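Heads up: the structure comes next, in structure tokens.
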Amino acid sequence: MCGGNVRVCNIGNPIDVERFFPLSREKSRKDVGLMLGKKVAMFCAVGGGRDENKGGQLFLDAAKRLRETGEWEFCLVGCGNKERLPGVVFSHVSDEDLLRRLMCASDVVVVPSRVENLSYMIMEAMACAVPVVAFDVGGNSDLVEDGVTGWLIRDRCAEALYRCLEGVSCGEAMRRGKAARDRVVARFSYDRIAEEYCRLFRACVAGEELCV
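According to our numbering, the sequence shown is numbered sequentially starting from 16.
Okay, structure coming up:
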């Protein structure tokens, strides 16, 4: 904001699209131990099993029902696996390369947070060309375009999350994942955000009002 009676300029945080990028799904699954013939949903949140706002229990409740279809495996990071879901479990991932491989091994990354700002988890997944399934809260709609780059869910409950995931197909996930990568590169790359700040500073120096 330039000061005085002017509009607020909204400039997002950047994501390094050279560090988070698509990898071969087949190779990524072999690397991390996930099956090739299943759909894979990833949930990742530090303390996700304890922090109600992270929505870990909502994900587990939906995943239990998906398990019964025999079509899904799960990649769980930070929330444990008390439901004995098929897939892989990590209590914590600090290796960026491993995190990228886990994302690229997944068909969707699920972010069932009840509250959210501009989520780096969502941006990282999208930069890896993996679409996100999330509740329509906070800044999620600034990142995810429902029906194009991912799925946004209005009702914040396990039933709505299950219904959304149940309808996900591998082909549609791949299409939305590619669009997600394109959107993040176009709107949130370092180059784009630096350009937005430069435009703002030039406008401030010139005494012009700018909304970006």
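C-beta: ideal position from N, C-alpha, C; glycine also.
Note that the structure is predicted; figures quoted are calculated from it, not measured.
Under the three-state DSSP convention, the category residue 211 falls into | helix
Using only alpha-carbon positions, find the residue among 75, 190 and 210 that is nearest to residue 126.
-> Among 75, 190 and 210, the Cα nearest to that of residue 126 belongs to 75.
Could you tell me how far apart the beta carbons of residue 179 and residue 166 are, in whole angstroms, since I believe they sit closer than 8 Å?
-> Taking C-beta atoms under 8 Å as the contact rule, residue 179 and residue 166 qualify, at a distance of about 5 Å.
In angstroms, rounded to a whole number, what distance separates the CA positions of residue 16 and residue 202?
-> Note that residue 16 has pLDDT 44, beneath the 50 cutoff, so the model's placement of it is unreliable and the number below is only indicative. The straight-line gap from Cα to Cα measures roughly 20 Å.
Please confirm whether residue 51 and residue 88 have their CB atoms less than 7 Å apart.
-> no
Buried or exposed for residue 213, please, with buried defined as at least 16 other CB atoms from any protein chain shown within 10 angstroms of its CB.
-> exposed
DSSP beta-bridge partners of residue 27 = Residue 27 pairs with nothing; no bridge assigned.
Please confirm whether residue 115 and residue 100 have their CB atoms less than 7 Å apart.
-> no
Express the C-alpha separation of residue 113 and residue 47 in angstroms, rounding to a whole number.
-> 8 Å
Taking only the alpha-carbon atoms, compute the straight-line gap between residue 55 and residue 123 and give it to the nearest angstrom.
-> Residue 55 and residue 123 have their C-alpha atoms some 7 Å from each other.
Between residue 147 and residue 140, which are expected to be in contact by the criterion C-beta below 8 Å, what is the C-beta distance as a whole number of angstroms?
-> 5 Å
What is the DSSP secondary structure of residue 50, reduced to helix, strand or coil?
-> coil
Given residue 121 as reference, the closest of 41, 67, 22 and 217 once Cα atoms are compared = 41
Whole beta strand (DSSP E) elements within the region 90-132, 3-residue minimum | With a minimum length of 3 residues, the unbroken runs of beta strand (DSSP E) contained wholly in the region 90-132 fall at 102-105 and 123-126.
Closest to residue 4 by CA distance: which of 59, 164 and 138 is it?
-> It is not possible to answer for residue 4, since the shown part of the chain is limited to 16 through 227.
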